[in-house]
Amino acid sequence: MARSVFRFLSRQSDALVLEDETHLLRLPRFSDYRQWYQLRSESRRFLEPWEPSWRSDELTESSFRARVVRNEQEFASSQALPLFLFLKSEQCLLGGLTIGYIRRGAAQCCMIGYWMGERHAGQGHMLAALKLSVPYIFTGLQLHRIEAACIPENTRSIRLLEKAGFQREGYLRQYLKINGEWRDHVMYSLLAGDRSQSRVPAASGQGARDPQTTGN
C-alpha cells in the first residue's frame with residue numbers, strides 16, 4: 001500500500017505536498033516552466049482533443065508565470081488546488097491533477113481533472129496521483145463526494161476512473177466546450193463511503209489544513 005505524507009513548508013507555493021515513495025504532487029512554481037513547456041509542446045496533439053482550445057500564447061513563459069500566480073492566489077483564497085505530478089527520484093514532470101469546484105454546505109463535493117504528458121501515459125502514473133489525492137480529499141478536505149467528467153470517446157480516462165473505484169452516474173449533453181466544440185461528457189463519482197470498495201487506499205500521515213479548493 002502506498003504511503004502518503006502531507007508536508008507543510010513556510011512558503012505559500014510549498015504549502016502542500018502529497019507524496020509516496022515514487023510520486024510527488026505539489027503546486028506549480030516559476031522554475032517548472034522549462035519542463036512544462038517541453039512536455040506540453042511535445043504532447044500537444046495528444047492533449048488537444050480532450051482540452052479547451054489552446055490560446056495563441058498558451059505556451060509562453062509570461063502566460064505560465066501568470067498561471068502560477070493565479071494558482072497561488074486561488075490556493076491562498078481557498079478557491080483552487082492545481083497540482084503538478086512529478087516522478088520523485090528524478091523530479092521529472094509527468095502531468096497535472098486539479099482538485100476543483102469545491103462545494104461546501106449541503107453538497108461537500110469537488111470535481112477533479114487531470115492531464116498526462118504523452119510519453120508518460122499508460123504507465124500507471126495518474127492512478128498513483130489519484131491514490132495520493134483521493135485520501136486527501138476525503139480526509140484532509142473532509143469532503144463527501146468527488147466528481148469527474150470525461151468525453152465518452154476518451155476510453156483511457158474512463159478506464160482510469162473505473163480502476164480507481166469511480167462509478168458512472170450519467171450522461172451530460174454538450175457539457176463543456178472542448179477543442180472548440182461543445183462535447184457530451186460522462187459523469188463519474190466516488191463517495192467517501194465507497195472507499196472500502198475502492199482500489200484506492202486511504203492515506204496515512206499528518207492531517208492538513210483545508211484549502212477548500214477549486215480547479216481550473
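Each step along the sequence shown adds one to the number in full-length UniProt numbering, with nothing skipped, and position 108 is 108. Glycine included, each C-beta is placed from N, C-alpha and C at the ideal position.
Residue i (DSSP reduced to helix, strand or coil)
i, result
"Leu-127", "helix"
"Ala-80", "coil"
"Glu-72", "helix"
"Trp-50", "helix"
"Gln-167", "strand"
"His-120", "helix"
"Ala-149", "strand"
"Thr-98", "strand"
"Glu-58", "coil"
"Leu-93", "strand"
"Leu-18", "strand"
"Arg-34", "helix"
"Leu-25", "strand"
"Arg-104", "coil"
"Gly-180", "coil"
Residue burial classification, residue i (beta-carbon count within 10 angstroms, cutoff 16)
i, result
"Ala-107", "exposed"
"Leu-16", "buried"
"Tyr-171", "exposed"
"Cys-92", "exposed"
"Gln-73", "exposed"
"Lys-131", "buried"
"Glu-21", "exposed"
"Ser-157", "buried"
"Val-68", "buried"
"Ala-76", "exposed"
"Arg-26", "buried"
"Phe-64", "buried"
"Arg-183", "buried"
"Glu-19", "buried"
"Pro-135", "buried"
Top-ranked residue by Cα proximity to residue i, from the options
i, options, result
"Leu-97", "Leu-160, Gly-113 and Lys-163", "Gly-113"
"Cys-87", "Ala-129, Gly-105, Ala-80 and Arg-103", "The amino acid at residue 87 is misidentified as Cys; the sequence shows Leu. That would be Ala-129, whose Cα lies nearest to the Cα of Leu-87."
"Tyr-101", "Gly-95, Leu-94 and Cys-109", "Cys-109"
"Gly-124", "Leu-47, Ser-43, Ala-66 and Leu-94", "Leu-94"
"Thr-139", "Gly-193, Arg-159, Arg-44 and Arg-65", "Gly-193"
Anticipated Cβ contact below 8 Å, residue i with residue j, distance rounded
i, j, result
"Pro-28", "Phe-84", "5 Å"
"residue 220", "Gln-167", "An answer regarding residue 220 cannot be provided, because it is not within the stretch 1 to 216 covered by the chain."
"His-185", "Ile-137", "Not really, about 20 Å apart at Cβ, beyond 8 Å."
"residue 285", "Ile-99", "Since the first and last residues shown for the chain are 1 and 216, residue 285 lies out of range."
"Glu-162", "Met-187", "Rounded, the Cβ-Cβ distance is 13 Å, inconsistent with contact."
"residue 254", "Tyr-33", "The first residue shown for the chain is 1 and the last is 216, placing residue 254 beyond what the model contains."
Within-8 Å CB hit, residue i to chain C
i, result
"Tyr-188", "This model lacks chain C altogether, as it is built from one protein chain only."
Any 3 or more C-beta pairs closer than 8 Å across the region 126 to 145 and the region 169 to 186: Too few Cβ pairs lie closer than 8 Å, so no.
query: Is there contact here, the region 36 to 51 with the region 108 to 128, by at least three beta-carbon pairs under 8 Å?
result: Judged by Cβ distances under 8 Å, the region 36 to 51 makes contact with the region 108 to 128, as three or more pairs qualify.
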